[in-house]
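Asks: As you go down the protein sequences, you meet chains R and X in turn. Take 1 as the starting number for the first sequence in UniProt numbering and just add one per residue. Take 1 as the starting number for the second sequence in UniProt numbering and just add one per residue. Have a look at this one.
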Amino acid sequence: MTSAPAVPQTARYTWGGDEFLFVEIAEDMSLAANFKANAMATLLGEEDIAGVTDICPANASLLIRFDPDVVPPSELESAVRALEDQVVHASSRVLETRVIEVPVWYDDPYTNETGARFRKGHQRPEGNDLDFAAEENNLESAAEFIRRHHESAWLVSMVGFVAGLPFMFQIVPQEEQLEVPKYLSPRTDTPALTVGHGGCFACIYSVRGAGGYQMFGIAAAPIFDPAQRLEDFRDFMIFFRPGDIVKFRPVEEAEYLDIQAQVEAGAYRYRQAPVTFDLERALDNPAQYNKDIMEQLNGV
Amino acid sequence: MAFNILEPGLATTVQDRGRPGYYNVGIPQGGAMDQLSAEMANSLVGNTGTEAVLECTYIGPKLVSDEDAVVAVTGAPVEVKINDVVQEQWARLQLRAGDQLSFGMLSGGTRYYIAVQGGIDVPSVLGSRSTYTLGAMGGFNGRALQAGDTVPVGAQHTPYDDVPSPARVDEAERPAFDREVTVRVLPGLYDHRLTEDGLSTLLSAEWTLTPVADRMGLRYAGPELSWKPRQQPFGAGSDPSNIVDAGYAVGSIQVPGGKEPIILHRDAVSGGGYAMVATVISADMDLLARSAPGTTTAFRSVSMDEALQARREMNERRARIWEWAR
Chain R
1 MTSAPAVPQT ARYTWGGDEF LFVEIAEDMS LAANFKANAM ATLLGEEDIA
51 GVTDICPANA SLLIRFDPDV VPPSELESAV RALEDQVVHA SSRVLETRVI
101 EVPVWYDDPY TNETGARFRK GHQRPEGNDL DFAAEENNLE SAAEFIRRHH
151 ESAWLVSMVG FVAGLPFMFQ IVPQEEQLEV PKYLSPRTDT PALTVGHGGC
201 FACIYSVRGA GGYQMFGIAA APIFDPAQRL EDFRDFMIFF RPGDIVKFRP
251 VEEAEYLDIQ AQVEAGAYRY RQAPVTFDLE RALDNPAQYN KDIMEQLNGV
Chain X
1 MAFNILEPGL ATTVQDRGRP GYYNVGIPQG GAMDQLSAEM ANSLVGNTGT
51 EAVLECTYIG PKLVSDEDAV VAVTGAPVEV KINDVVQEQW ARLQLRAGDQ
101 LSFGMLSGGT RYYIAVQGGI DVPSVLGSRS TYTLGAMGGF NGRALQAGDT
151 VPVGAQHTPY DDVPSPARVD EAERPAFDRE VTVRVLPGLY DHRLTEDGLS
201 TLLSAEWTLT PVADRMGLRY AGPELSWKPR QQPFGAGSDP SNIVDAGYAV
251 GSIQVPGGKE PIILHRDAVS GGGYAMVATV ISADMDLLAR SAPGTTTAFR
301 SVSMDEALQA RREMNERRAR IWEWAR
């Protein structure tokens, strides 16, 4: 991935009022920037600094909420800069994480119906969001775009926007990354579990609501379960964590409905396996690394 | 005991001090938008300040208490009625079993608060009773109240006449609900992406709060702000107001496309791809919650030291509410 943008040696520190410290790792998105943001967030969590209430790693930045009555801003900044130094000088860049298979019904009627309602004012009023995405990426058809979408793995680079929504970054060389502009004007409605895409990021909308990402399909199983009914949500109502690796698997209507029935019965579990994510290997040979990761899921 | 909801009002939700600690997974802090008013209501009924209250927006509920209850209404100026008889706002009230609490029209501001002794007793979710409607969690069944709801209320521990707190909030201590406000902001985050002219316009122009204002954020009308042209970073999106999606500070101001700044409030989305250029200081967040659409607003730039000084003053003001409890 030689064309990936370089991550500046030192992050940019700036304040979001008197309760937020914002650390911009890099202006450009890259696996390396995301890795650094998450590594700093993990270390900061371990430090357990009094007065730090929220540690929010994002794609290429880190947002920290603090109580300035407990920890003065300058003291917090010094502490975080020291952590940054540790991360920059760490010898190995690996992440103990998991790979998860996410069944998706691509080109489904739910997102197509919603897309049709918001067609006026879309970049490409004819066809659907998949047709637009294929055209934007110089691919011959929507089917080809779908193949490219589920063929490679994605790294959850950030969780947020609304409760439990994962932003995902494709683990492929930058020139192969799927990029699609967001809607020109955001929709007021998006079905829950819509698989969306904006810029270089994929997402899964955890709840129904407004959204500006193009819509490609619908995930079959929940990713946010406030009632914590399903086994995967026993510890926490939110499924995804930064660093998770996602493999989309295309399903058709019959299997989609079957999974829905399993969810209804409280029996559904995501297929998943532990994996060690090695940043250097991912950067050196993304294509091969992708295959290696996928193999972890075999036999699960 | 419980409140039986005859009419729900426009958007009445259960709120408390909020739900910190889950912003990293997109669950917002929530909590009463106008914390100071909510806290004063809790004080009036003899609560501790952590109890949940009802937040009413423009049009309040019509409700009946099934037992005697000590209540108070604070916040935006509104006619408060018990059995259709007008009552004092910012004062402790006795609601008898079967009494009906209702409201007239607002004469300013946006939100008012109903506190009841013992608090609104919905289950605590992730450490808070606040309603997060988008995630359908917390509060009363994760949603705004509806007609026919039976909203649980905590036990009444102190009779009306024995409540040790002051029975009314002095006029001088009550927050103002003005049509013109000055909101202090700390420039930062991505302010360097605006042109010099763009930033000075933000900090000197007269802004008007639009009707697009809710618990997530408030949108302001005013002049267009210009961004520095640049080659956009990879993954950021094509507009100069776009950044690679990042965490959003609560109170931060974003200016999508350079038009109509949006200030995020307590139910903020936790992140997104618009550059933030300044953040409202913590001491002034309640001011936004009190603004009604049409409010003329100026954003005044302050330093971190000034923001911290304002925060100390706000902490002292909040401490004064609870002097009786010490």
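Positions of the beta carbon are idealized from the N, C-alpha and C atoms, including for glycine.
Give the residues of chain X in contact with Met-29(R), contact being defined as C-beta atoms less than 9 Å apart.
Replies: Pro-233, Phe-234, Gly-235, Ala-236, Val-244, Asp-245
Asks: At the level of alpha carbons, what is the spacing between Gly-18(X) and Ala-219(R)?
Replies: 31 Å
Asks: Identify whether Asn-42(X) lies in helix, strand or coil by the three-state DSSP scheme.
Replies: Helix, per DSSP.
Asks: Do you know offhand how far Pro-77(X)'s Cα is from Asp-34(X)'s?
Replies: 13 Å
Asks: For the candidate residues Leu-62(R), Ala-254(R), Phe-35(R), whose alpha-carbon lies nearest to that of Ala-246(X)?
Replies: Ranking the options by Cα distance to Ala-246(X), first place goes to Leu-62(R).
Asks: Using 8 Å for Cβ pairs, my map puts Leu-281(X) next to Leu-218(X). What's the rounded Cβ distance?
Replies: Checking the sequence shown, residue 281(X) turns out to be Ile, not Leu. At roughly 16 Å, the Cβ-Cβ gap does not stay under 8 Å, so Ile-281(X) and Leu-218(X) are not in contact.
Asks: At the 7 Å Cβ level, is Thr-190(R) part of the contact set with chain X, yes or no?
Replies: no
Asks: Looking at the secondary structure, which residues open and close the alpha helix (DSSP H) in which Phe-132(R) lies?
Replies: 129-136
Asks: Are the CB atoms of Gln-117(X) and Val-73(X) within a distance shorter than 7 Å?
Replies: For Val-73(X) and Gln-117(X), no; Cβs fall outside 7 Å.
Asks: With distances taken Cα to Cα, identify the nearest neighbour of Asp-121(X) among Leu-308(X), Ile-243(X), Leu-225(X), Thr-50(X).
Replies: For Asp-121(X), the nearest C-alpha among the options comes from Thr-50(X).
Asks: I want to know whether the region 91-104 of chain R touches the region 206-224 of chain R - three or more CB-CB distances under 8 Å.
Replies: yes
Asks: Please tell me whether Pro-250(R) and Met-237(R) are closer than 7 Å, where the distance is taken between their beta carbons.
Replies: Going by C-beta atoms, Pro-250(R) is not nearer than 7 Å to Met-237(R).
Asks: Using a Cβ-Cβ cutoff of less than 6 Å, which residues in the same chain neighbour Ala-205(X) once the five nearest sequence positions on both sides are dropped?
Replies: Gly-222, Pro-223
Asks: Along chain R, in chain order, which residues have C-beta atoms closer than 9 Å to that of Tyr-274(X)?
Replies: Within chain R, no C-beta atom comes less than 9 Å from the C-beta of Tyr-274(X); the nearest is roughly 10 Å away.
Asks: Could you check how far apart the C-beta atoms of Leu-21(R) and Leu-83(R) are, in whole angstroms? I think they sit under 8 Å.
Replies: Leu-21(R) to Leu-83(R), Cβ: 12 Å. No contact.
Asks: Would you call the region 29-45 of chain X and the region 269-277 of chain X in contact, with 3 or more CB pairs under 8 Å?
Replies: no
Asks: For a contact meaning CB atoms closer than 9 Å, what does Gln-174(R) contact in chain X?
Replies: Phe-234
Asks: Output needed in chain order: residues of the region 67-80 of chain R with a Cβ under 8 Å from some Cβ in chain X.
Replies: Pro-68, Asp-69, Pro-73
Asks: Using a cut-off of 9 Å between C-beta atoms, extract the partners of Asn-59(R) located in chain X.
Replies: Gly-235, Val-244, Asp-245, Ala-246, Gly-271
Asks: So what's Arg-241(R) in DSSP terms, helix, strand or just coil?
Replies: coil
Asks: For the region 24-40 of chain R against the region 158-176 of chain R, do three or more pairs of beta-carbon atoms, one drawn from each stretch, fall closer than 8 Å, so that the two count as touching?
Replies: Yes, they touch.
Asks: With a Cβ-Cβ cutoff of 7 Å, do Thr-295(X) and Leu-209(X) count as a contact?
Replies: yes
Asks: Taking the alpha carbon of Arg-81(R) as the reference point, which residue from Tyr-213(R), Phe-277(R), Thr-114(R), Leu-43(R) has its own alpha carbon closest?
Replies: Leu-43(R)
Asks: Against chain X, which members of the region 200-223 of chain R pass a CB distance test of less than 7 Å?
Replies: Cys-200, Phe-201, Val-207, Gly-209
Asks: Is the beta carbon of Leu-297(R) closer than 7 Å to that of Val-52(R)?
Replies: For Val-52(R) and Leu-297(R), no; Cβs fall outside 7 Å.
Asks: Mark Ala-265(R) as exposed unless 16 or more other C-beta atoms lie within 10 angstroms of its C-beta, in which case mark it buried.
Replies: exposed
Asks: Bridge partners of Val-94(R), per DSSP?
Replies: DSSP output for Val-94(R) lists Asp-278(R) as bridge partner(s).
Asks: Given a threshold of 16 other Cβ atoms within 10 Å of its Cβ, counted over all protein chains shown, does Asp-48(R) qualify as buried or as exposed?
Replies: exposed
Asks: With 7 Å set as the bound, which would you pick, yes or no: does the beta-carbon of Thr-195(X) sit closer than that to a beta-carbon of chain R?
Replies: no
Asks: Taking Gly-135(X) as the reference, which of Phe-248(R), Val-162(R), Asp-284(R) has the closest Cα?
Replies: Gly-135(X) has its Cα closest to that of Val-162(R), out of Phe-248(R), Val-162(R), Asp-284(R).
Asks: Give the residues of chain R in contact with Asn-315(X), contact being defined as C-beta atoms less than 8 Å apart.
Replies: Asp-69
Asks: What number of angstroms, rounded off, separates the C-alpha of Ala-176(X) from the C-alpha of Arg-193(X)?
Replies: The alpha-carbon atoms of Ala-176(X) and Arg-193(X) are separated by roughly 35 Å.
Asks: Could you tell me which of Val-195(R), Ala-221(R), Arg-234(R), Ser-92(R) sits nearest to Arg-271(R), measuring between CA atoms?
Replies: Out of Val-195(R), Ala-221(R), Arg-234(R), Ser-92(R), Ala-221(R) has the C-alpha closest to the C-alpha of Arg-271(R).
Asks: Would a C-beta distance cut-off of 7 Å place Pro-28(X) and Asp-267(X) closer than the cut-off?
Replies: yes
Asks: Since Leu-186(X) contacts Thr-279(X) with CB under 8 Å, what's their CB separation in whole angstroms?
Replies: Yes, Leu-186(X) and Thr-279(X) are in contact; Cβ-Cβ is about 5 Å, under 8 Å.
Asks: Any idea what DSSP makes of Thr-12(X), helix, strand or coil?
Replies: coil
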